Amino acid sequence: MSLKHSLLAVLVMLIWGLNFVVIDEGLADVPPLLFLAMRFVLVAVPLVFFIPRPAADWRVVVAVGTFMSLGQFSLLYIALDLGMPAGLGSLVLQAQVIFTIVIAAVVIREPPTRRQAVGAVIGTVGLVLVVVAHGASAPVVPVLVMLGASLSWATGNVITRQAGVQSGLSLVVWSALVVPVPALLLSLVVDGGHEVGRALTHLSVVAILSTLYTAIGASLIGYGIWNSLLARYPAGAVVPFVLLVPVIGIAAAWALQDEVPTVLEVVGGIVMLAGVAAATISRRATRAERLEPSPPAGPA
Numbered sequence: 001m002s003l004k005h006s007l008l009a010v011l012v013m014l015i016w017g018l019n020f021v022v023i024d025e026g027l028a029d030v031p032p033l034l035f036l037a038m039r040f041v042l043v044a045v046p047l048v049f050f051i052p053r054p055a056a057d058w059r060v061v062v063a064v065g066t067f068m069s070l071g072q073f074s075l076l077y078i079a080l081d082l083g084m085p086a087g088l089g090s091l092v093l094q095a096q097v098i099f100t101i102v103i104a105a106v107v108i109r110e111p112p113t114r115r116q117a118v119g120a121v122i123g124t125v126g127l128v129l130v131v132v133a134h135g136a137s138a139p140v141v142p143v144l145v146m147l148g149a150s151l152s153w154a155t156g157n158v159i160t161r162q163a164g165v166q167s168g169l170s171l172v173v174w175s176a177l178v179v180p181v182p183a184l185l186l187s188l189v190v191d192g193g194h195e196v197g198r199a200l201t202h203l204s205v206v207a208i209l210s211t212l213y214t215a216i217g218a219s220l221i222g223y224g225i226w227n228s229l230l231a232r233y234p235a236g237a238v239v240p241f242v243l244l245v246p247v248i249g250i251a252a253a254w255a256l257q258d259e260v261p262t263v264l265e266v267v268g269g270i271v272m273l274a275g276v277a278a279a280t281i282s283r284r285a286t287r288a289e290r291l292e293p294s295p296p297a298g299p300a
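Take the sequence shown: its position 100, counted from the start at 1, is 100 in UniProt numbering, and no numbers get skipped.
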């Protein structure tokens, strides 16, 4: 990759890494599912009126929106609202790489390479260390909910892969339509109409800025740059940049929220990222990788 495009990739990782802290701060004033609905309204509207529908069956678009957007982000927001530390959450979400490898092998009979299998095993060991370390000093439920978010994301990855969808901005925008109504209805059921009304009529500056950041920065700008890089370069040259997200997320939470990970959490995180790196970084791109468009892989 050129220096310019490498810097753009780092910029996207910075946006996505900070996104966990931004979401966590916004959740102080808005219930998680309502906050999610607000974000995806801005992702879809008004762009859905100007960007053509993706070249995919509508059932695929709905499935991608259900798992990669509604499922992943509703569980992510709920986990943060339940007390999942933002920095640690940015790390645990990367378990989606391990889940994607396993689901692809079982569901669409796409066996992992030896490097991917070894990486998945190493990553799983690291993930177990993180869960055990966090569970020793805090409730483990938020971690399990965040793992559910990564599992939902991985399921969306496999659906995208199986359908052969090129996950450009059009898919991001149109699949976003799946989110707002179910998220709002669930919020009304879980939080009650009074709480939803109170939140909407008493939006703080932090909640508004957080919504704008997550919708415009993380979703539209982040995925817009990311998809353009994936269209230009092989996946093996672009996707490994995602490993910077938990590093930035943990550093941001440490600096801005005084979130200090334990020694065992750090060790588990390093082991997990080593496994993810082994599963995603290839020594050299094959001719097929250079010619075949790849779906995006990005967090929050």
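Just so you know, even glycine gets a beta-carbon here, dropped at the ideal spot from N, CA and C. Note that the coordinates shown come from a computational prediction; the quantities given were computed from them, not determined experimentally.
Do you know offhand how far residue i's Cα is from residue j's?
i    : j    : result
V267 : V128 : 11 Å
D191 : R115 : 45 Å
G269 : M146 : 15 Å
V271 : L7   : 26 Å
A63  : L82  : 27 Å
L185 : G193 : 10 Å
R109 : F40  : 33 Å
I281 : L188 : 43 Å
V260 : W254 : 6 Å
F67  : G222 : 19 Å
A183 : V196 : 12 Å
P234 : F49  : 31 Å
G148 : N227 : 25 Å
H202 : W58  : 37 Å
R161 : M1   : 24 Å
A120 : I98  : 5 Å
A136 : I250 : 19 Å
V140 : M84  : 9 Å
Y213 : L243 : 21 Å
A237 : A252 : 25 Å
V10  : P31  : 31 Å
A218 : V173 : 13 Å
T286 : V239 : Per-residue confidence for T286 stands at a pLDDT of 44, beneath the threshold of 50, marking its modelled position as unreliable; no derived number is given.
L144 : G65  : 22 Å
H5   : A231 : 12 Å
Q96  : V205 : 33 Å
L14  : V247 : 10 Å
Based on Cα-Cα distance, which residue from the options lies nearest to residue i?
i    : options               : result
F241 : I250, A63, L229, A251 : L229
F20  : L220, T262, Q257      : Q257
R53  : G148, A251, G168      : G168
L171 : S74, A55, L14, G135   : A55
V263 : H134, P112, D57, D29  : H134
A37  : A9, A136, K4, T211    : T211
P142 : T100, V181, S74, V205 : S74
V209 : L14, V22, L3, I15     : Here residue 209 is Leu; the residue named in the question, Val, does not match the sequence. Cα-wise, what sits closest to L209 is V22.
V132 : P112, V181, E265      : E265
Could you give the C-beta distance for residue i and residue j, rounded to a whole number, given that I count them as a contact under 8 Å?
i    : j    : result
V245 : G87  : The pair is not a contact, with the Cβ atoms about 11 Å apart (cut-off 8 Å).
G26  : A207 : 5 Å
L76  : V130 : No, L76 and V130 are not in contact; Cβ-Cβ is about 16 Å, not under 8 Å.
I225 : V12  : 5 Å
A274 : G126 : 7 Å
L70  : D24  : Not quite, the Cβ-Cβ distance comes to about 20 Å (not below 8 Å), so this is no contact.
L33  : A199 : With 8 Å as the limit, L33 and A199 do not qualify as a contact, their Cβ atoms being about 11 Å apart.
S150 : L93  : 5 Å
V276 : G123 : 5 Å
Residue i: beta carbon under 7 Å from a heavy atom of the ligand GDP?
i    : result
E110 : The ligand GDP is not part of the structure shown, which contains no ligands of any sort.
Any contact between the stretch 40 to 57 and the stretch 171 to 180? By contact I mean 3 or more CB pairs, one from each, below 8 Å. At 8 Å Cβ cutoff, the stretches touch.
Could you tell me whether the stretch 102 to 112 touches the stretch 152 to 164, using the rule of 3 or more Cβ pairs below 8 Å? In this structure the stretch 102 to 112 touches the stretch 152 to 164; the number of beta carbon pairs closer than 8 Å is three or more.
Start-end ranges of the alpha helix (DSSP H) lying completely within the stretch 204 to 230, minimum 4 residues: Counting whole runs of 4 or more residues, the stretch 204 to 230 contains the alpha helix (DSSP H) stretches 205 to 212.
Minimum length 4: unbroken alpha helix (DSSP H) runs contained in the UniProt domain "EamA" (7 to 131): Correct list: 32 to 44, 58 to 64, 72 to 81, 86 to 92, 96 to 107.
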